[in-house]
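Have a look at the structure below, then the notes.
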Amino acid sequence: ARAGELINTENIEVARRMATENPSHGDVIYLLLGVISQKLGQLSDALSWYEKILENQPNALVANEIATIYQKLGRYSKVIEYRQKAVQAEPDNIGIWSNYAVDLIVLGKPAEGIDLLRRAAERNPAHPSIHSNLLWYANYLPGHDAGQLFEDHKRWGQTHAPPYLARTSHANDPDPDRRLRIGYICPDFRGHPTSNTFEQFLRGHDRNVVEVYGYGNVARPDEFTAQLKRRFDHYSNVYGTADDALAEQIASDRIDILVEIGGHVADNRLLAMARKPAPIQVDYGGINTTGMEQVDYRLSDRLLSPPHLQKFFVEELVCLPGGLYCFRPPDYAPPVAPLPAERKGYVTFGSFNGALKTNAYVVSIWAEVLKANEGSRFLLKIGGGNDELLSEYYLAMFERFGVDRERIRIHNWKLPVEHLKLYGEVDIVLDTYPVNGAMTMLEGLWMGVPAISLVGKQGFLSRMGLSILSRIGLEFFAVSTPAEYVAKATALAQNLPALAKIRASMRQRMECSPLRDAKAFARGLEGAYRVMWRRWCRSQGVDVPQEDWPAENNICAGGVETAAKRTTETTTDALGGT
């Protein structure tokens with residue numbers, strides 16, 4: 001109660017006086033002042049109070065909190081400094097080790113960070129979130145073994161979500177043609193890239209066909225959360241709800257198909273899904289398999305999940321007819337700027353992805369592009385770009401690969417409208433690898449900037465660029481080798497008339513593509529849900545016509561796609577029969 005009374009600017013002076021009058025309890029009061037200041041958004045004051053605690057003695061939790069504040073401020077040199085202090089103060093704290101590992105990965109040092117995460121997971125095998133962190137971040141390591149990563153995901157499922165947790169019967173009415181209750185569960189129902197695509201198909205859902213429930217595991221709801229809530233028929237914030245209680249809530253809501261968004265992302269609710277609260281459970285947007293037998297299907301498309309990758313999923317793959325992405329450009333997006341090369345006299349390449357995706361391997365390819373295009377420049381917009389340590393790390397990396405640092409401009413994160421305006425300084429986007437950009441690519445394309453993307457054989461994340469570019473007829477810019485990447489970037493840079501034409505026509509190209517057809521996307525999704533549902537009804541002994549069913553051995557072979565097409569005259573296969 002006392003802390004609650006002090007969470008305001010007027011009463012913060014009370015705590016200051018308490019610190020003066022009770023020096024023997026100084027650390028406790030400094031901690032209280034730090035927490036109050038942090039909750040009020042007074043981060044500089046919070047840092048000052050927390051520092052006073054560390055002046056007296058090492059404190060792992062306080063040092064860890066200071067690192068987290070510096071992370072929000074984009075001061076990565078300080079993040080590392082204080083995370084190391086936290087580790088030194090409490091070397092057996094696996095959670096702090098995990099945080100430090102993630103910091104290293106985010107700073108573009110995936111090999112070091114993943115090694116630490118693996119050690120943390122091995123030391124605490126019963127900790128599901130640390131194990132999930134390892135599964136998530138291993139994807140960012142160039143050359144990772146897809147087969148080994150698949151085995152790691154299955155091990156997570158066997159350890160943390162054993163099949164015996166799942167309920168074996170459901171009270172849902174097995175009517176194959178009735179209106180379906182669809183539940184979506186996600187920690188990112190907030191201002192987050194994932195929510196852009198999600199809001200689009202949520203808008204497009206036919207409420208005569210589906211009734212939509214939302215379960216947001218959102219620690220800090222924001223304005224976008226409030227906006228998104230209005231798109232659901234029913235919405236609950238389930239943050240802090242125990243897994244068993246959440247599963248019981250979903251079962252009580254009689255959800256027919258439960259769709260989790262994000263997979264092993266932070267704050268996921270996979271352990272609630274392990275209880276199998278819905279008869280059909282689906283993964284959408286996870287970067288890999290969940291590794292759980294309780295998840296029946298995974299939504300994808302033919303380009304993201306070609307046949308040679310299907311063996312790396314425990315779920316059955318459902319390939320949506322128009323692809324996996326649906327994009328709504330922000331209302332504040334400025335007009336497409338003229339080609340900057342025509343004004344500047346040189347070509348500017350760029351990347352707007354985070355440090356997590358910007359590793360030495362992809363920088364080495366970018367360096368080859370720059371060396372092949374004399375006088376060209378590179379604009380790197382990256383979180384923490386104003387941090388001296390991070391900037392020097394990337395400038396030195398470009399130099400190591402033979403590019404003068406004077407050719408590199410580094411920008412920090414910007415306000416959303418300024419972020420989009422900055423694309424007006426870029427002629428060609430160079431995509432990251434092995435994790436491609438998704439929202440950054442869509443935003444760049446909307447601002448008229450084409451992208452060169454390297455397609456990998458390792459999995460979903462290295463094929464996002466191919467999927468997006470193919471939807472707008474620019475699959476030519478999705479390449480298979482680093483040499484082809486350099487060659488196509490160079491060919492585009494040396495043909496400014498063609499580059500200007502592409503730029504000027506890009507928005508029209510996108511408007512006419514499946515990326516902008518939310519209704520068709522939703523119809524395809526509903527068609528897929530209907531096939532899943534009829535399958536389940538058939539398993540309950542209901543007589544469902546055989547012709548409504550896809551080939552049992554491979555749902556991506558066209559069965560769900562064909563069924564989805566039957567639900568609407570507007571749904572088309574964006575691949576044009578290829």
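In the working numbering, the protein residues as written are 1 to 578. All residues carry an ideal CB built from backbone N, CA and C; glycine is no exception. In this text the structure is predicted, and so the values were computed from the model without any measurement.
Residues of its chain near residue i, where Cβ-Cβ distance is below 8 Å and the 5 sequence neighbours each way are ignored
i    : result
A438 : P193, Y325, M464 and I468
D103 : A67, Q71, Y76, V79, I80, R83 and G113
W549 : Note that W549 scores 40 on pLDDT, short of 50, meaning its location in the model is unreliable; the coordinates nonetheless yield the value given after this. For W549, where only same-chain residues beyond five positions count, the Cβ hits under 8 Å are V531, R534, R535, R538 and G559.
F201 : C326, A518, F521, A522 and L525
Neighbourhood of residue i by C-beta distance below 6 Å, restricted to the same chain and skipping five residues each side
i    : result
E552 : Unreliable positioning characterises E552 in this predicted model, as indicated by a pLDDT of 35, which lies under 50. A coordinate reading is not provided.
L390 : Y76 and G384
W366 : L430
P277 : A247, I250 and A251
N554 : Residue placement at N554 is poorly supported in this model, since its pLDDT is 44, which falls under 50; the coordinates still yield a value, given next. Nothing listed; no residue qualifies.
R167 : K276
Neighbourhood of residue i by C-beta, 7 Å cutoff - its chain only, sequence neighbours within 5 removed
i    : result
T432 : S351, N353, K357, T358 and V362
L141 : P110, A111 and I114
L165 : A274 and R275
V218 : P187, F189, R190, T225, N237 and Y239
A272 : D243, L246 and A247
P329 : W446
G402 : A367 and K371
K52  : Y30
G108 : A355, T358, N359 and Y393
R516 : F327 and M510
Y485 : I365, I452, L454 and V479
Cβ neighbour criterion (16 or more within 10 Å) applied to residue i
i    : result
L299 : buried
E374 : exposed
E5   : Its pLDDT being 45, under 50, E5 is placed unreliably by the model, and nothing is read from it.
R471 : buried
A86  : buried
F630 : Nothing can be reported for residue 630: it is not among the residues displayed for the chain, which extend from 1 to 578.
V542 : exposed
E547 : A caution first: E547 carries a pLDDT of 48, below 50, which makes its placement in the model too unreliable to give a value.
C319 : buried
P162 : exposed
Y393 : buried
D92  : exposed
R178 : exposed
P128 : buried
N59  : buried
Y332 : exposed
Q294 : buried
Strand pairing of residue i, partner residues [DSSP]
i    : result
R377 : T348
S453 : A478
N234 : The question names Asn, but residue 234 is His in the sequence shown. Its beta-bridge partners are Y213.
L317 : R298
R409 : L379
Residue i vs residue j beta-carbon contact at 8 Å
i    : j    : result
V435 : S462 : yes
W97  : A120 : yes
G291 : K501 : no
R503 : G448 : yes
D256 : I287 : no
L309 : G143 : no
V347 : A493 : yes
D175 : E211 : no
R407 : F378 : yes
G74  : D387 : yes
Y213 : G183 : yes
Minimum length 3: unbroken beta strand (DSSP E) runs contained in the region 161-225:
180-186 and 210-216
Please list the segments of the beta strand (DSSP E) lying wholly inside the region 47-126, counting only runs of 3 or more residues, in order along the chain.
none
In chain order, which continuous runs of the alpha helix (DSSP H) of length 4 or greater are located wholly inside the region 246-302?
270-273
My parser needs the alpha helix (DSSP H) runs of 4 or more residues fully inside the region 419-446; what are they?
439-446
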